[in-house]
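There are 2 protein chains.
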Amino acid sequence: MREMFQQELSELQDRLVEVSELVTEAISKATTAFGESNVAMAEEVIENDAQIDDRALSLDELAIQILARQQPVARDLRIVVSALRISSSLERMGDMAEHIAQLTRYRFPEKVVAKGLRGTFKKMGALDVEVAETLTKLLKTQNLKHADKLRDIDDEIDALHLSVFDKVLGETWGGTPVDTVDATLASRYHERFADHAVNISKKVKYLSTGEWASDGTAPIDLP
Amino acid sequence: MREMFQQELSELQDRLVEVSELVTEAISKATTAFGESNVAMAEEVIENDAQIDDRALSLDELAIQILARQQPVARDLRIVVSALRISSSLERMGDMAEHIAQLTRYRFPEKVVAKGLRGTFKKMGALDVEVAETLTKLLKTQNLKHADKLRDIDDEIDALHLSVFDKVLGETWGGTPVDTVDATLASRYHERFADHAVNISKKVKYLSTGEWASDGTAPIDLP
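Which chain is which? The protein sequence lines are P and W, in order. Residue 40 in my numbering sits at position 49 of the first sequence; the count goes up by one each step and never skips. Residue 35 in my numbering sits at position 44 of the second sequence; the count goes up by one each step and never skips.
As structure tokens, then:
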């Protein structure tokens, strides 16, 4: 029974990594499409979001089946419950990528990023991709150094998010209301994408250390 | 054992209703503070959000304890897992109320709502309060007529959300970039608040009918 349980947990972990890889592809294409006003690529991201939703839903079904079949308790139970929550956050990260792609499509053939903000959004986009890649590594290895890295990247993204508002509300901003709306929403989506990843990393850390948002770096044996 | 389980599920339901009531108070005060630039009321909402988070966390702990102690299967298991998800959505609704309050505080003593949008945000705020009240009734009674009502109110809120963008991007909009940013963010928070409630109602419906997003109106015996 125990061996079967370990196998099922391992399957659950593989599925989380798989969804995280799909999310990485989505945010990579979404931020590229956003920067280049590439409407075909944006549409691909929008279309593929259903696949992320499906994979997350099927992962949830597996987690519920494991709960029913294996009746885990204590830490094992928390691992399965955390998988459900991580799945939900990954699904939302996919939605943020889709929202960024939708902004690109709405404004096409106009550029969605106003001139003065291209460099900022290029950085935010690259950091969001790094967030997704780091999250995949964290889910694969449970090595908490990746959680620490996520927190650091998130700080950089938060600073860029604030700088977007500084720009838009500053005296030199010559953007139209459309530019202002787009910058506000796009910045929020980029920032929320990273927030969800940090939330996931807190759950992984919690399983390792037993403390929410702990800064501990104890090794973790999450299967 | 079965009787104990029913008692614990009933406790879980009471806790969901309790958090929903706290969220109702939060959105009611947040939207009032937003409309009136009442910074003291906004600060109360911001301060009280920690209480919502705490209550949601303790509800989650209860759900995990029920899973460990009662080892539910089939529909009983799905009820407990759904409670975890509903709790998470309620917690996010509290965050949306907090964000609306934060916008109010940031701009104080300036008014956060631009002149041309006061009527729209007044309506959106009143509808968000109605959403929270209807959600509490749904969680209390599991009567699916409340789920249908939530969907209808959500449609109204979505229409108002779109009308905010029409206004801000229209030719008569004389707002500053600050007005544009605030309207964009505030409208998004109001709209997301209702989305979370609709997501919760889908979970309640699912428990009743076995189908996600079903339009069925079969009676539900969720304790």
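All C-beta atoms, glycine included, are put in the ideal place defined by N, C-alpha and C.
Residue from the options whose Cα sits closest to the Cα of residue i
i                : options                                  : result
Gln42 (chain W)  : W:Ser28, W:Gln61, W:Gly26 and W:Glu12    : W:Glu12
Lys106 (chain P) : P:Val8, P:Thr171, P:Ser19 and P:Val30    : P:Thr171
Thr111 (chain W) : W:Phe184, W:Val14, W:Ser178 and W:Ala185 : W:Ser178
Val195 (chain W) : W:Arg66, W:Val169, W:Glu27 and W:Lys20   : W:Arg66
Leu118 (chain W) : W:Ala21, W:Thr175 and W:Leu7             : W:Ala21
Val120 (chain W) : W:Phe184, W:Ser192, W:Leu7 and W:Arg(-7) : W:Phe184
Leu48 (chain W)  : W:Ser28, W:Val10, W:Glu182 and W:Ser154  : W:Val10
Val8 (chain P)   : P:Leu198, P:Thr132 and P:Ala174          : P:Thr132
Phe25 (chain W)  : W:Asp173, W:Pro63 and W:Tyr197           : W:Asp173
Glu89 (chain W)  : W:Glu(-1), W:Asp40 and W:Gln(-3)         : W:Asp40
Secondary structure of residue i, DSSP reduced to three states
i                : result
Asn222 (chain P) : In the structure as shown, chain P starts at -8 and stops at 214, and residue 222 (chain P) therefore has no counterpart that could be examined.
Leu118 (chain W) : helix
Val71 (chain P)  : helix
Gly166 (chain W) : coil
Lys128 (chain P) : helix
Ala209 (chain P) : Here the model assigns Ala209 (chain P) a pLDDT of 33, short of 50, so the residue's position is not dependable and the matter cannot be decided.
Phe112 (chain W) : helix
Gly161 (chain P) : coil
Val104 (chain P) : coil
Phe99 (chain W)  : coil
Val64 (chain W)  : coil
Endpoints, alpha helix (DSSP H) assigned at residue i
i               : result
Ala21 (chain W) : Arg(-7) to Glu27
Glu38 (chain P) : Val30 to Gln61
Whole-angstrom distance between residue j and residue i, CA atom to CA atom
i                 : j                : result
Arg69 (chain P)   : Leu135 (chain P) : 18 Å
Met115 (chain P)  : Ile148 (chain P) : 6 Å
Phe156 (chain P)  : Leu108 (chain P) : 10 Å
Leu141 (chain W)  : Asp44 (chain W)  : 23 Å
Leu3 (chain W)    : Lys158 (chain P) : 47 Å
Asp145 (chain W)  : His181 (chain W) : 10 Å
Val71 (chain P)   : Arg96 (chain W)  : 40 Å
Ala150 (chain W)  : Ala92 (chain W)  : 23 Å
Gly85 (chain W)   : Arg60 (chain P)  : 35 Å
Asn29 (chain P)   : Glu16 (chain W)  : 44 Å
Thr23 (chain P)   : Glu101 (chain P) : 15 Å
Glu(-6) (chain W) : Ala188 (chain P) : 40 Å
Leu81 (chain W)   : Val14 (chain W)  : 7 Å
Flag this pair as touching only if the stretch 46 to 60 of chain P and the stretch 74 to 86 of chain P have three or more C-beta atom pairs under 8 Å; answer yes or no.
yes
Taking contact to mean at least 3 C-beta pairs separated by less than 8 Å, is the stretch 158 to 167 of chain P in contact with the stretch 27 to 39 of chain P?
no
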